[in-house]
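K.L.:
What follows is a structure written as structure tokens; I'll ask about it next.
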Amino acid sequence: MVAKRMIKVMPKLKYIRVRRTWRGVYPMTPDGNPIVGFKGYKNFLQLVGMCGQGFMLGPGLGYYISEYLEGKTSEEINTILKEFSPYRDFGVQELLK
């Protein structure tokens, strides 16, 4: 399934011989974006569903969310809380699907 999508995006990949593969399960949201915010409990902040991008997104999100938890605010923090809200519309499909 993934290989077909990759070949569709980059047709020359169909000529590459694959020696090994590795698979794993990771959290995936319908729109491909993480979930950041409070839902259900006011003292439990969710920062999950990075869709396999945790090493890339985690440090930056962690920084801004730590600022938010200290009571600071910025345009970046407001954007993160809005775009990655657990209450957002999950009917939007991931851009790279």
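Using my numbering, the letters of the sequence shown correspond one by one to residues 94 to 190.
Glycine included, each C-beta is placed from N, C-alpha and C at the ideal position.
What separation, rounded to the nearest whole angstrom, lies between the Cα atoms of phenylalanine 131 and lysine 97?
P.N.:
Computed Cα separation, rounded: 37 Å.
K.L.:
Could you give the DSSP three-state label for valine 95: helix, strand or coil?
P.N.:
Correct three-state label for valine 95: helix.
K.L.:
Alpha carbon to alpha carbon, how far is isoleucine 173 from valine 129?
P.N.:
Going from the Cα of isoleucine 173 to the Cα of valine 129 covers about 7 Å.
K.L.:
In its own chain, which residues sit with a C-beta less than 7 Å from the C-beta of isoleucine 100, not counting the 5 before and 5 after it?
P.N.:
Excluding positions up to five away in sequence, the list reads Leu106, Lys107.
K.L.:
Pull up the DSSP beta-bridge partners for phenylalanine 131, would you.
P.N.:
Partner(s): Leu138.
K.L.:
Rounded to whole angstroms, what is the Cα-Cα separation between glycine 184 and glycine 142?
P.N.:
If you take the alpha carbons of glycine 184 and glycine 142, they lie about 16 Å apart.
K.L.:
Output yes or no for whether 8 Å exceeds the beta carbon distance between leucine 154 and leucine 140.
P.N.:
Contact: yes.
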